[in-house]
Amino acid sequence: MNDRISAKAAFAQARANRFGRMLGRGDDNRLEPECWPRVSPSFRFSRDQTFFAMGSCFAQDIARRLSLDGYDVLGAEQAGQSQRNRYTPAAIWQELQWVARILDRDDTVRDADIDPLLLQIRPDHFVDLWEKTEHASGATLETAREARRALYAHFRGAFVADVAIVTLGLIEAWWDEVSRSHVEFDPAWIRLPDRERFGFARLSFADCKHFTDLSVTLLTERGRRVLLTTSPNALARTFTADDVIVANAQSKAVLRAVAGEVSAEHDAVDYFPSYEIATLTRRPEVWDDDLLHVNSAFIARIMQHVMGAYVPDESEGGRDGARSADELMRMANLVQGQQYDAASRIYDANADAAIRSANPAIQNAAIRVLKRQARMADAAAHALQFASLDRDHAAMQADWIFDAASILATHPQHDALAEDLFTWLREQGASRPEILLAAMIRVHRERDEDDLKAFVALVERLAPDCPALTVRTASHLQSWGELARGLKLCRRQRETAPQDTTLLRRLARLQLASGAIEDAITTLDTLAMLEPGDGWTRLTLARTMAKVGRNTEALSHLAVLDTHEPDHAEALLLAARLHWKMGERGQARANARRAVGTGDDDGSLTARLGTILAS
Numbered sequence: 007m008n009d010r011i012s013a014k015a016a017f018a019q020a021r022a023n024r025f026g027r028m029l030g031r032g033d034d035n036r037l038e039p040e041c042w043p044r045v046s047p048s049f050r051f052s053r054d055q056t057f058f059a060m061g062s063c064f065a066q067d068i069a070r071r072l073s074l075d076g077y078d079v080l081g082a083e084q085a086g087q088s089q090r091n092r093y094t095p096a097a098i099w100q101e102l103q104w105v106a107r108i109l110d111r112d113d114t115v116r117d118a119d120i121d122p123l124l125l126q127i128r129p130d131h132f133v134d135l136w137e138k139t140e141h142a143s144g145a146t147l148e149t150a151r152e153a154r155r156a157l158y159a160h161f162r163g164a165f166v167a168d169v170a171i172v173t174l175g176l177i178e179a180w181w182d183e184v185s186r187s188h189v190e191f192d193p194a195w196i197r198l199p200d201r202e203r204f205g206f207a208r209l210s211f212a213d214c215k216h217f218t219d220l221s222v223t224l225l226t227e228r229g230r231r232v233l234l235t236t237s238p239n240a241l242a243r244t245f246t247a248d249d250v251i252v253a254n255a256q257s258k259a260v261l262r263a264v265a266g267e268v269s270a271e272h273d274a275v276d277y278f279p280s281y282e283i284a285t286l287t288r289r290p291e292v293w294d295d296d297l298l299h300v301n302s303a304f305i306a307r308i309m310q311h312v313m314g315a316y317v318p319d320e321s322e323g324g325r326d327g328a329r330s331a332d333e334l335m336r337m338a339n340l341v342q343g344q345q346y347d348a349a350s351r352i353y354d355a356n357a358d359a360a361i362r363s364a365n366p367a368i369q370n371a372a373i374r375v376l377k378r379q380a381r382m383a384d385a386a387a388h389a390l391q392f393a394s395l396d397r398d399h400a401a402m403q404a405d406w407i408f409d410a411a412s413i414l415a416t417h418p419q420h421d422a423l424a425e426d427l428f429t430w431l432r433e434q435g436a437s438r439p440e441i442l443l444a445a446m447i448r449v450h451r452e453r454d455e456d457d458l459k460a461f462v463a464l465v466e467r468l469a470p471d472c473p474a475l476t477v478r479t480a481s482h483l484q485s486w487g488e489l490a491r492g493l494k495l496c497r498r499q500r501e502t503a504p505q506d507t508t509l510l511r512r513l514a515r516l517q518l519a520s521g522a523i524e525d526a527i528t529t530l531d532t533l534a535m536l537e538p539g540d541g542w543t544r545l546t547l548a549r550t551m552a553k554v555g556r557n558t559e560a561l562s563h564l565a566v567l568d569t570h571e572p573d574h575a576e577a578l579l580l581a582a583r584l585h586w587k588m589g590e591r592g593q594a595r596a597n598a599r600r601a602v603g604t605g606d607d608d609g610s611l612t613a614r615l616g617t618i619l620a621s
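Residue numbers for the sequence shown follow our numbering, beginning at 7 and rising by one.
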């Protein structure tokens, strides 16, 4: 693609693009609290159109969501959805080509069209090379043929629907030399006698662009509009030598670049940034617990964004409503960056739209703006609206639930609803404690100590199995002087995470602060075994032992530390003092000289070691 333009045209284009600069935290960056890039459609959707989705499993998620929202999605009612997934551009292309050839010929699938695509895995048991095998044992020849005819009927929808939604998923592909086609490889086939017919390759950018371009051309030449996306769903396993994280990143980078180029080259093709939305929204609730698939509720949010762009009359009440929705998301972004003055101005100009919004992010932003202004009754109205929203909504973040519940709890008439929200939050936190950790970090950043204390109390009651959350909670408790509560929390967590070093460090700090010296020594001993070269652990253990007169043991720990960090000034200072105390004057002077020679002495080390150095 050669799209070079003049410098003058480039600057004019940049000036006209109000979304052409990346903005920082606190500005209208469209990244925080959620990533919602601006979409500029070249065509529109309507409810009298039909839709068809194909590609990776994310395509089926989209189809399911559209169907639930009342759109006519061809094939969405059929079972066996995993059999319809086509993950690579090559697999998408060959399926469309196979269907188009039969459709153009006579729209009748013959056995001769099917049999080359069947693999016999044992006598009278066949599988389809192109589909994800649900039954490893295979099916009879007639059953396999019937299933392939059903797949033809399904994929035929791509050439009948008004809009085809195509999602590109993976670039790792398997090839079959016998059928001369890309296949949906089942690892069980590696045990077949003729397994050498199969080979693996990672498709290149050129390969992926070639196959995607062919697929799009096949659809647009028949009058279809195409919405092209890159699936955010991750690669579950790689057959390359790369870490699967690296392999997935390469796959998505290639496919995102392909989708961008192909959509730019075809007038009837738009790119929709579902990949960017999911991967750049930094919240754990975006993903299912397998960290592979986008959560179904967040897919619903993505499809709302699609419809907001492609069916503007259905977005927040038409064009004026759409503008208000944009402004209110700006408000949410500003609140995320704690730019409350600017956020307040947007709220005041769009208050009526804000109270009607079904977007939890907007309701939460309004609550926080109004709370800052001490407009608690108005904040409660938004908390009530928040509480009325669909609880499966992906944007129902833990800190937002907490904000709404906390506001309602200040109004006696809403006590029951507040407790219901707190119960809901506890239920979510019990199964996914990482959402509570993210919420606590945000509440702490807001510097509202009353809210933070309430949140800490909630975590204490729940006692989730999450060492990172326990450590942060205990740290807050220690800073408030609530040592007993912090110790109780850490001890309970230690039962399920006895070797978590971060947890053990916090436990040791609490034990030392509360005067439980022997308990602290036991904890520090465990830490020293887990991390033999950790400087903080060895030095703290040596200092603690020295306090109770266990000087020889303290020196042994300092000796271990010296092998890992020979220029640790504080450790050398302590060793010098202990040797001096034990009458070992020569060793004391040697350690003292090493301490002041480390380069860390600003004069204080020399002063602290004056007696030893002068001897």
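Just so it is clear, CB atoms sit at the ideal spot from N, CA and C, and this is done for glycine as well.
In the three-state DSSP reduction, ALA247 falls in the coil class, being neither helix nor strand. If you draw a straight line from the Cα of GLY61 to the Cα of ALA13, it comes to about 39 Å.
For TYR346, no beta strand (DSSP E) encloses it; the enclosing alpha helix (DSSP H) starts and ends at 346 to 355. Here PHE25 is exposed. Its C-beta has fewer than 16 other C-beta atoms within 10 Å. With contacts defined as CB atoms closer than 8 Å, VAL45 and PRO238 fail to qualify as a contacting pair.
With distances taken between CA atoms, LEU80 lies nearest to ALA65 out of ALA474, ALA65, ALA469, ASP296. Short of 7 Å from the beta carbon of THR285, and not among the five residues preceding or following it, lie these beta carbons of its own chain, in chain order: PRO238. For a cut-off of 8 Å, the C-beta gap from THR236 to ARG262 is around 5 Å, short enough to register as a contact. By a beta-carbon distance limit of 8 Å, ARG289 does not contact GLN434. Their separation comes to about 13 Å. Taking TRP181 as reference, the option from GLU190, THR173, LEU174 with the minimal CA-CA separation is GLU190. GLY616 carries a helical assignment under DSSP once its states are collapsed to helix, strand and coil.
Across the set ASP121, THR173, ASP168, the C-alpha of ASP121 shows the shortest separation from the C-alpha of ALA153.
Three or more beta-carbon pairs drawn from the stretch 483 to 492 and the stretch 503 to 517 are found closer than 8 Å, and the two stretches are therefore classed as touching. Under the criterion of beta carbons closer than 8 Å, MET382 and THR429 do not qualify as touching, at roughly 22 Å. Each residue's CA atom was taken as its position, placing ALA170 and ASN23 some 28 Å apart. The residues VAL375, in chain order, have a CB closer than 6 Å to that of SER350 in the same chain once the five nearest residues on each side in sequence are set aside. Sequence-distant Cβ neighbours of ASP525 in its own chain, meaning closer than 7 Å and more than five residues away, are GLN517. For ALA170, no alpha helix (DSSP H) segment is defined; the enclosing uninterrupted segment is the beta strand (DSSP E) at 169 to 174. Here THR508 carries a helix assignment [DSSP, helix/strand/coil].
Boundaries for GLU488: no alpha helix (DSSP H) harbours it, and the DSSP string shows neither H nor E there. Taking a contact to require three or more Cβ pairs closer than 8 Å, the stretch 146 to 162 and the stretch 200 to 217 do not qualify as touching.
When DSSP assignments are scanned along the stretch 369 to 400, the uninterrupted stretches of alpha helix (DSSP H) that are 4 or more residues long and fall wholly within it turn out to be 382 to 394. The Cβ-Cβ distance between ALA338 and PRO39 falls below 8 Å. For ASP405, the closest alpha carbon among the candidates SER48, HIS450, ARG362, ALA386 is that of HIS450.
Around the beta carbon of ILE177, 16 or more other beta carbons lie within 10 angstroms, which makes this residue buried.
Closest in alpha carbon position to GLY555, among ARG544, GLU576, MET588, is MET588.
A residue is called buried once 16 or more other Cβ atoms fall within 10 Å of its Cβ, and LYS258 is buried on that count. Around the C-beta of HIS570, fewer than 16 other C-beta atoms lie within 10 Å, and the residue is accordingly described as exposed.
ASN91 is the residue among HIS188, ASN91, ALA306 whose C-alpha sits nearest the C-alpha of LYS138.
In the three-state reduction of the DSSP assignment, VAL554 falls in the coil class. Contact annotation, THR56 with ALA167: C-beta distance approximately 4 Å; criterion of less than 8 Å satisfied. When LEU547, ASN557, LYS553 are compared, the shortest CA-CA separation from LEU567 is found for LEU547. Per the coordinates, the alpha-carbon of ALA306 lies some 31 Å from the alpha-carbon of ARG155. Boundaries of the beta strand (DSSP E) harbouring LEU233: 231 to 236, taken from the DSSP string.
Secondary structure of ALA274 (DSSP, three-state): coil.
Ranked by Cα distance from ALA97, the options ALA364, LEU611, GLY541, LEU123 are led by LEU123.
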